[in-house]
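Colleague: Going by the working numbering, the sequence shown opens with residue 1, and the numbers climb by one from there.
The C-beta atom is built at its ideal place from N, Cα and C for all residues, glycine as well.
Here the structure is a predicted model, which means the values were calculated and not measured.
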Amino acid sequence: MFQGASALAMDAKGRLAVPTRHREVLQALCAGQLTITKHPDGCLVVFPRSVWEGFRERVAALPMSASGWKRVFLGNAMDVEIDGAARVLISPELRAAAGLQKDVILMGMGSHFELWDAAAYAAHEAQVMQSEMPDALKDFSF
1 MFQGASALAM DAKGRLAVPT RHREVLQALC AGQLTITKHP DGCLVVFPRS
51 VWEGFRERVA ALPMSASGWK RVFLGNAMDV EIDGAARVLI SPELRAAAGL
101 QKDVILMGMG SHFELWDAAA YAAHEAQVMQ SEMPDALKDF SF
């Protein structure tokens, strides 16, 4: 179960270091093999390969009416591996799609991660915090 936010710096080649707290779990879960694709909110979604395979099957089974979203998720998916220096390379195409600059945020979202440009995430979170709470959360207690 991945959770929490990590502020990271991506180098000029598009590599970022996988936070230490996630490395061991990712090695055990998927031998460091990940799949990265676009997310509808404008960030990237990073899946351990085994989790991606289940997601990919669900997307592939969608009807033709969802063919555009199939292209977004499956057509943009890139397989990557954590290298010997514990880094992941984000392709130029995916970096451009998510507007990733040097400063990024890796958000643990349970079974996967979201990768955001730091400024874009701050703006997104501010917008969420200003919006009305959805009905599904109105009776939720902490």
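Taking the alpha-carbon positions, what's the A136 to V128 distance?
Modeller: For A136 and V128, the distance between alpha carbons rounds to 15 Å.
Colleague: Taking 7 Å as the limit between beta carbons, can you name the residues of its chain near V51, skipping five residues before and five after?
Modeller: Counting only Cβ-Cβ distances below 7 Å, and skipping sequence neighbours, we find S111 and H112.
Colleague: Is the beta carbon of L94 closer than 8 Å to that of L44?
Modeller: A contact, by the Cβ cut-off of 8 Å.
Colleague: Are L34 and V46 closer than 8 Å when you measure CB to CB?
Modeller: Their beta carbons are under 8 Å apart, which means L34 touches V46 by this criterion.
Colleague: Please confirm whether V128 has its beta-carbon closer than 8 Å to some beta-carbon of chain D.
Modeller: Reference to chain D is not applicable here, since this structure consists of a single protein chain.
Colleague: Look up V45 in the DSSP assignment and give the residues it is bridged to.
Modeller: According to DSSP, which records beta bridges pairwise, V45 is partnered with T37 and E114.
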